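A quick write-up on the structure given underneath.
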Amino acid sequence: MATTATIKSPSKSTWSGGQAPMKASYGKLMMWFFLLSDAFTFSALLITYGVIRYSYPQYNPEIHGEVFKFSTEYWPIPDYVFDGVPFLHGMHLPLIFVSIMTFILILSSVTMVLAVEAGHRRDRKDVEKWMLWTIVGGLTFLGCQAWEWSHFITGKEEGLKGVADATKFFGANLVQNQYGPQGFADLFFFITGFHGTHVFSGVVLNFIVFYNVVVGTYDKRGHYEMVEKVGLYWHFVDLVWVFVFTFFYLI
Amino acid sequence: MSEIKTQNVHIDSHEEHHDDHAHHETFISKYIFTTDHKMIGKQFLMTGIFWALIGGALSLIFRIQLGFPEADISWMRPMLGEWITPEGRLDPEFYLALVTMHGTIMVFFVLTAGLSGTFSNFLIPLQIGARDMASGFMNMLSYWFFFASSVVMFSSLFIETGPAAGGWVVYPPLSALEQAIPGSGLGMTMWLVAMALFIVSTLLGGINYITTVINLRTEGMSFSRLPLTIWAFFITAVIGLLSFPVLFAAALLLIFDRSFGTAFYLSDIYIGGEALPQQGGSPVLYQHLFWFLGHPEVYIVIMPAFGITSEVISTNARKPIFGYRAMVGSLLGIAFLSFIVWAHHMFVSGMDPFLGSVFMLLTLVIAVPSAVKVFNYLTTLWKGNIVFTPGMLFSIGLVSLFISGGLTGIFLGNSAIDIQLHDTYFVVAHFHLVMGSAAFFGMMAGVYHWFPKMFGRMINAKLGYVHFWLTFAGVYLVFFPMHYIGIAGFPRRYYTWSSFETFSNIFQDLNAFVTIAAIITFAAQFIFLFNFFYSIYRGRRAPQNPWHSNTLEWTTPIEPGHGNWPGAIPTVYRWPYDYSKPGAADDYIPQTVPYSETPESNTDFENELAALEKESGVEEVDETKE
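Protein chains in written order, with the UniProt record's numbering: chain A, 1 to 251; chain B, 1 to 626.
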């Protein structure tokens, strides 16, 4: 299998040892591999979602009645579950609020890109500014999620009649919910909660990095690679939200 | 230390740092919270040995129950207390806990942490020419998470309701409902906590192994010059990185089902006539998630053993490994296939039979890369100048066990035959040979082979031979009869079969035989233990390169300090398997010898490389020779 012996010279080939291939630092590599493994965790959870969801029938107007109503017989249509917006009580505004949340999170990814770019220029003021906006975006998303959760937990006026007795149940917890099968709320809490935990730890990491930027740690170190590393994590968390959003809200 | 100082002239700041470090070493920073990969490797080894003894002892207790169900075992009461009934029998609930803990301990704590943890840590930096792991701190954390996990798992052995008892696979609903059996209570909770910690440890370790291999190879150590040990550890770490998170997800969902009333795995369950509120979950879903880890896990266990065996067999056959690229390719093939065969554990779980046939096909395909490895081991041995060191014997033992156990895998992989054999002792025999014993033999081969590098002394070879032959014969005597017991239909995990005429009369003597063999095999391990600890302190001093091996670890001082090489890290010029090269003066040429120094044994192509070396000091080359 002897192929060509390329003449070396000062510049060496990428994989022949004695250097980090493609100049990637070990820290950045570690972050990539961690994200790879985290992606498998989320995949497992989303597959769980798929398995449980498709064990239930879809809502079908011919069988279940022309007007959609919540029932434990079939999986709810997300448009009817997530139709609340703060201060606009009683209006049917499907997915408006969650779209705003998603937009904010994606914007925070944009500001993170700008922070990384400023880091490359070693412009401390700019890094500070964009990191701060990223943190604000993350916190806003978490705040929105808190409202979304409490709205989901409190429930809607109509409620759902219990099977065993005539009492009505409002809102949702891990055991019961007014929107449909038990698994619907269980999965909603677990997966958006697991994602929210990731966002929260991302905000904490962003804050630590922001603090280090402000006190000049990275100036002293001579590079802003930490910003890049938390940036990778932040984009990943964003990307995961796109999938969570698709699974829970769109389909 | 003086040696290090003389080198100070030309060391870079990095080395100076390490030099520095050595001066301030205290007992705690050297032996306990150490960041030195060699010490961390030894920590994993010692903990692994501890767990192997516990796991082995547990198996003897239930083997006595299986072999001698009528025996009076009240003499165990001082140790097992209430788990021995007043009539002097083993408590049936505790029997279940014993098999569960034996499986968990052996698979995760001994053959994953004890094997990968020991040798990946110890060998990766030494064999690729690095001063330490990419992150020594994360490496330390990896051990201490494992230690914390061990403490939790060990404590669960002593609680009143007993440790987890739902089998090492902890299928719900048995594991999800606290009221199901005593072992599903606190013991199960502790099992889950311990496993969560264990997964964190594995991920920290794995990420470190991968980045170290990618980033810290020394000058000239291209991937095609990596020893096969490193290839194996590298690919093992990748498998672990991708499969353990899925177990993590599965365990989290199980925790919610157990403690917070969710219904991910539960549906339509009645206990004592009362319906449980959980609706809509799927227990088969858990099995899918579990086996998505569970199957790759068996390769996580066996692949480091393959790597060690490749290295030991080539060194001691004094021949280049046969088909280096095929060996790497088969590792990659096995790694890829390991992710798409998991459902062969679930042929009788209520899966679509068509899906079963797909998984059957993929499962049987694994026989191809496995056979490539076996044939390459045999062809490496063929006409070699074999040196039968204890490490070599254990490596050859691995090949033998892998063949014997692998053949039955071809039966079990057939979804139709599996209906008869599923959950019988045939399966137990199969995986104990192919993965349990084979991986254990690989681990032993590694310990015997790298003992001189670990402790600077030689381990006694004569005791090693006794240990090997007793273990080798013992393992076959234990597991071979189990095939017959399994074909007869004995189910695994059953406390007793005495109510079945056929089983109690015809096969009881075979079971008793297995038990006696197991006791002898276990006892033989104490020969190793004595030899191991005695040799650490009293063994003959090791020479620089006791096995005349080519790899880099033998170029370090006999007892390397933190940083491994006192001077500059050596440069690598060739692959690690130049044994008995025609024309060469010695029967081995270390990786650090340039081609320009071996004109007598060079091929034409290597002569070209030698010319390049001369031109520019250190050459840069695309490909190895072959």
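Glycine included, C-beta positions come from ideal geometry on N, C-alpha and C. Just so you know, these numbers come straight off a predicted model, no measurement behind them.
Drop a sphere of 10 angstroms on the beta-carbon of residue i, count the other beta-carbons inside from all chains shown, and report buried for 16 or more, exposed for fewer.
i        : result
Phe97/A  : buried
Phe426/B : buried
Ala416/B : exposed
Tyr265/B : buried
Val67/A  : exposed
Leu250/A : exposed
Pro181/A : buried
Thr217/A : exposed
Tyr54/A  : exposed
Tyr537/B : exposed
Terminal residues of the continuous alpha helix (DSSP H) containing residue i?
i             : result
residue 631/B : Given that chain B is displayed from residue 1 to residue 626, the structure contains no residue 631/B and the question cannot be resolved.
Asp257/B      : Leu228 to Ser259
Arg63/B       : His37 to Gly67
Lys129/A      : Arg124 to Thr154
Lys581/B      : Lys581/B -> no alpha helix (DSSP H), and no H or E assigned at all.
Phe500/B      : Note, Phe500/B: premise wrong, no alpha helix (DSSP H); not H, not E.
residue 294/A : Given a span of 1 to 251 for chain A in the structure shown, any question on residue 294/A remains unanswerable.
Lys229/A      : Glu225 to Phe245
Phe184/A      : Gln182 to Val215
Lys28/A       : Tyr26 to Arg53
Val514/B      : Gln508 to Arg538
Asn376/B      : Ala367 to Leu381
Val116/A      : Ile96 to His120
How about residue i: is its Cβ closer than 6 Å to a heavy atom in the ligand MN?
i        : result
Gly356/B : No copy of the ligand MN occurs in the structure displayed, which carries no ligand at all.
When you compare only the Cα positions, how much space is there between residue i and residue j?
i             : j        : result
Ser499/B      : Gly81/B  : 27 Å
Gly333/B      : Phe375/B : 16 Å
Gln420/B      : Arg493/B : 16 Å
Ser370/B      : Ile308/B : 16 Å
Gly18/A       : Leu470/B : 45 Å
Leu247/B      : Thr112/B : 15 Å
residue 644/B : Pro452/B : Only positions 1 to 626 of chain B appear in this structure, which leaves residue 644/B out of reach.
Phe40/A       : Phe190/A : 16 Å
Tyr59/A       : Trp133/A : 42 Å
Arg541/B      : Gly187/B : 46 Å
Ser404/B      : Gly294/B : 22 Å
Ile208/A      : Ala194/B : 30 Å
Thr26/B       : Asn139/B : 19 Å
Glu148/A      : Gly323/B : 60 Å
Met79/B       : Trp575/B : 53 Å
Phe526/B      : Gly56/B  : 12 Å
Glu160/B      : Ser400/B : 43 Å
Arg457/B      : Leu463/B : 15 Å
Gly240/B      : Met303/B : 11 Å
Ala305/B      : Ser120/B : 11 Å
Leu46/A       : Leu254/B : 15 Å
Phe455/B      : Asn531/B : 13 Å
Phe154/B      : Phe394/B : 29 Å
Lys129/A      : Phe210/A : 9 Å
Ala20/A       : Tyr26/A  : 8 Å
Thr104/B      : Leu60/B  : 15 Å
His345/B      : Leu612/B : 54 Å
>> Using a Cβ-Cβ cutoff of 8 Å, what residues of the stretch 340 to 351 of chain B are near chain A? List them in chain order.
In response: none
> What residues from the stretch 32 to 48 of chain A come within 7 Å of chain B, judged by C-beta to C-beta, listed N to C?
Replying inline: Phe33, Phe34, Leu36, Ser37, Asp38, Phe40, Thr41, Ala44, Leu45 and Thr48
>> At a CB distance below 9 Å, what residues from the stretch 81 to 111 of chain A approach chain B? Give them in sequence order.
In response: none
> What are the complete beta strand (DSSP E) segments, minimum 3 residues, inside the stretch 276 to 317 of chain B?
Replying inline: none
> Can you give, in chain order, each stretch of the alpha helix (DSSP H) that sits fully within the stretch 112 to 187 of chain B and has at least 4 residues?
Replying inline: 118 to 128 and 136 to 155
> Just by C-beta distance, which residues in the stretch 163 to 195 of chain A are closer than 7 Å to chain B?
Replying inline: Leu174, Val175, Pro181, Gln182, Gly183, Asp186 and Phe190
>> At a CB distance below 7 Å, what residues from the stretch 219 to 240 of chain B approach chain A? Give them in sequence order.
In response: Glu219, Gly220, Met221, Ser222 and Phe223
> At which residue ranges does the stretch 409 to 475 of chain B contain complete alpha helix (DSSP H) runs of 4 or more residues, listed in the order of the chain?
Replying inline: 415 to 421, 425 to 431 and 438 to 455
> Taking any Cβ of chain A, which residues in the stretch 274 to 290 of chain B have a Cβ under 9 Å from it, in chain order?
Replying inline: Pro277, Gln278, Gln279, Gly280, Gly281, Ser282, Val284, Leu285, His288 and Leu289
> Along the stretch 249 to 268 of chain B, what residues have a CB closer than 7 Å to any CB found in chain A?
Replying inline: Ala249, Ala250, Leu253, Phe256, Phe260, Gly261, Thr262, Ala263 and Phe264
> Listed in chain order, which residues of the stretch 25 to 47 of chain B have Cβ atoms closer than 7 Å to some Cβ of chain A?
Replying inline: none
> For the stretch 16 to 27 of chain A, which residues have a CB atom closer than 9 Å to at least one CB atom of chain B, in sequence order?
Replying inline: Ser16, Gly17, Gly18, Gln19, Ala20, Pro21, Ala24, Ser25, Tyr26 and Gly27
> Quick one, which residues of the stretch 323 to 338 of chain B are near chain A if we go by CB-CB under 8 Å, in chain order?
Replying inline: Arg325
>> At a CB distance below 8 Å, what residues from the stretch 50 to 68 of chain A approach chain B? Give them in sequence order.
In response: Val51, Ile52, Ser55 and Tyr56
> Using a Cβ cut-off of 8 Å, which residues of the stretch 558 to 574 of chain B contact any Cβ in chain A, in chain order?
Replying inline: Thr571 and Val572
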